[in-house]
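Per UniProt numbering, residue 1 is the first one in the sequence shown, and the count goes up by one each step.
Presented below is the structure to which this report refers.
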Amino acid sequence: MTAEQLFRERAARQILVFDGGYGTSIQKYGLQEADYRGDLPLEKDQKGNNDLLCLTRPDIVEAIHTAYLDNGADMIETNTFSSTGIAMADYGCEHLVRELNLAAARIAREACNKAEAKNGVKRFVAGSIGPTNKTLSISPQVNDPAFREVDFDTLKGQYREQCDALIEGGVDFLLVETCFDTLNAKAAGMAAREAEAAAGRSVPLMMSFTITDMSGRNLSGHTIAAFWYSLRHLKPITIGVNCAFGADLLRPYLSELSKISDTLILAYPNAGLPNELGQYDELPARTAELIAEWTREGLVNMVGGCCGTTPDHIGAIARAIASAPPRVVPELPVFTRLAGLEPMHIAA
1 MTAEQLFRER
11 AARQILVFDG
21 GYGTSIQKYG
31 LQEADYRGDL
41 PLEKDQKGNN
51 DLLCLTRPDI
61 VEAIHTAYLD
71 NGADMIETNT
81 FSSTGIAMAD
91 YGCEHLVREL
101 NLAAARIARE
111 ACNKAEAKNG
121 VKRFVAGSIG
131 PTNKTLSISP
141 QVNDPAFREV
151 DFDTLKGQYR
161 EQCDALIEGG
171 VDFLLVETCF
181 DTLNAKAAGM
191 AAREAEAAAG
201 RSVPLMMSFT
211 ITDMSGRNLS
221 GHTIAAFWYS
231 LRHLKPITIG
241 VNCAFGADLL
251 RPYLSELSKI
261 SDTLILAYPN
271 AGLPNELGQY
281 DELPARTAEL
291 IAEWTREGLV
301 NMVGGCCGTT
311 PDHIGAIARA
321 IASAPPRVVP
331 ELPVFTRLAG
341 LEPMHIAA
C-alpha cells in the first residue's frame with residue numbers, strides 16, 4: 001500500500017496524532033552562533049536560523065523528531081518552515097535551499113524508520129512549507145497599494161524548488177501551513193501539485209489556515225470558509241487550521257471548517273496565548289483537555305500542536321484522544337462554491 005492508502009485507512013479508524021512545535025524544542029538547547037553556522041562559509045549571522053540546523057546540527061533535529069515519535073506522533077514534519085530561497089535570503093542562505101530540504105526530509109525519514117522498527121507501525125513524514133516572509137495580496141508600502149515585493153510566478157517557482165527537494169528526500173506528504181495569505185497558499189499548492197506530477201509518485205497535499213485575530217480572517221482578509229473554497233480545487237487530503245490561538249479560541253473556526261469540508265481535518269493549536277515575555281505557559285494536560293473536547297464534538301481527524309507545544313504536550317494529547325472516534329467526513333450537497341474574502345453559494 002502507498003503512504004496515502006495507509007494514511008486514509010488509519011484515519012478512517014482513529015484520530016491520528018501530528019507533532020508539535022520545533023522552535024520551542026530548539027530553544028531548550030541554548031544554541032549559539034557556532035552551532036547554527038557550523039563550518040559553512042556564510043557572511044551573515046545565523047543564530048535563529050533553525051532550518052539550517054538540518055545541515056549543521058542534524059543530531060538535534062533528529063532528537064526532536066524522535067521525541068515526538070516516542071510520545072505518540074503518527075506524523076512528523078520536516079524542519080523546513082522557512083526553507084525557500086525567498087525566506088533564506090535574509091540569512092544569505094538562498095543557495096542552500098535544495099541541500100536544506102533534502103537533508104531535512106532524510107533526517108525525518110530516518111527518524112520514522114527507526115520508530116517503525118520498534119513496533120512495526122508506519123509513521124509518516126510531511127514536508128513543511130511555510131508562508132515565506134512576503135505576501136502576494138498586500139503591499140508593504142502604505143503609499144503604494146499596488147506595489148508587491150514578489151509576483152505569483154516567482155513565488156510559485158520558489159515553492160517548486162522546495163517541493164522538488166522535499167519529494168526527492170522522501171517525504172510522504174507536502175504540508176502548506178500557517179497560511180496567512182490565501183494567494184501565497186495557492187502558489188504553494190500549485191507548486192506542490194506540479195512537483196508531484198514531475199516526481200511521478202503520489203505525494204498528497206495538506207493545507208492549513210492561520211487566523212490573524214478574533215475576526216476569524218487571515219492576513220489577506222479571507223474567512224476560513226473563503227480560504228477553503230479558494231483552494232478546494234487543489235484537492236488536499238487534509239485541510240485545517242494551526243497557530244494563532246490556543247485550542248479554546250480555535251474551536252468555533254474549526255467547527256465551521258469541519259461542517260463545510262469534504263476532506264480530512266487537521267488542527268494544531270498553540271499552547272494557549274503567549275505571556276508578556278512571548279512564552280507559552282499552557283501545560284500539556286490543559287492543551288490535551290481542550291483538544292479532547294474537539295474530539296467529543298466530532299471535529300477532527302488529526303491533531304497536534306504548534307507554537308509553545310512540546311513532546312510532553314503531544315504525549316498528553318495522544319493519551320487523551322486514544323479512544324476517541326475520528327470525524328466522519330460529510331457528503332456535501334452539490335452547488336457552486338465561490339469565494340472572494342467571503343464565501344458565496346449558488347444553488348444547483
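Glycine residues also receive a C-beta, built at the ideal position from the N, C-alpha and C atoms.
For residue j and residue i, believed in contact at Cβ under 8 Å, the rounded distance
i	j	result
Y280	G308	3 Å
S128	E168	About 16 Å separates the two Cβ atoms, so there is no contact after all.
S208	L175	7 Å
R217	T223	6 Å
T80	D39	In fact, because the Cβ distance is near 21 Å, the residues do not count as touching under 8 Å.
G246	N270	6 Å
I15	I321	5 Å
residue 350	A126	What the structure shows of the chain is the stretch from 1 to 348, and residue 350 is not part of that stretch, so it cannot be assessed.
N301	I265	5 Å
P326	A11	6 Å
A225	E256	6 Å
Helix, strand or coil at residue i [DSSP, three-state]
i	result
S323	coil
C112	helix
F7	helix
M214	coil
M1	coil
G23	helix
C307	coil
Own chain partners of residue i with C-beta closer than 6 Å, once the 5 adjacent residues on each side are dropped
i	result
E161	V97
R37	Q46
T66	A111
Y229	R337, A339, P343
R57	D35
E196	V203
P284	D312, H313, A316
A87	T132, N133
M75	F18, F124, A126
Neighbourhood of residue i by C-beta distance below 7 Å, restricted to the same chain and skipping five residues each side
i	result
K28	none
N275	D281
G200	none
P236	L205, M206, M207, T263
I314	V17, D19, G20, Y68, N71, G72, A73, G304, G305
T178	G130, P131, S208, T210, N242, C243
D191	Note that residue 191 corresponds to Ala in the displayed sequence, not to Asp. K156, Y159, R160, C163, listed in sequence order.
A347	F335
V329	D262, T263, L264
residue 432	Summary: the structure shown does not reach residue 432, with the chain confined to residues 1 through 348, and so no result is reported for it.
Cβ shell of residue i (< 8 Å), same chain only, five flanking positions each side left out
i	result
I138	D181, L219, S220
A187	L136, F152, L155, K156, Y159
I26	N50, L53, I60, I64
L250	I211, V241, A244, A267, P269
L55	G38, L40, L96, E99, L100, A103
A318	V17, N71, G72, A73
E289	A320
E33	D45, Q46, K47
L42	Y91, G92, C93
Counterpart residues of residue i in DSSP-defined beta bridges
i	result
A339	P343
G127	L174
L205	L174
L16	M302
T223	R217
C179	F209
T295	BP columns for T295 are empty, so no partner.
What runs of the beta strand (DSSP E), each 3 residues or longer, lie entirely inside the region 240–293? For the region 240–293, whole beta strand (DSSP E) runs of length 3 or above, ordered along the chain, are 264–268.
Fully enclosed by the region 38–108, which alpha helix (DSSP H) runs are 4 residues long or longer? Listed in chain order, the complete alpha helix (DSSP H) runs (minimum 4 residues) inside the region 38–108 are 53–56, 58–70, 85–88.
Only counting runs of 3 or more residues, tell me where the beta strand (DSSP E) segments fall wholly within the region 132–160, in order along the chain. none
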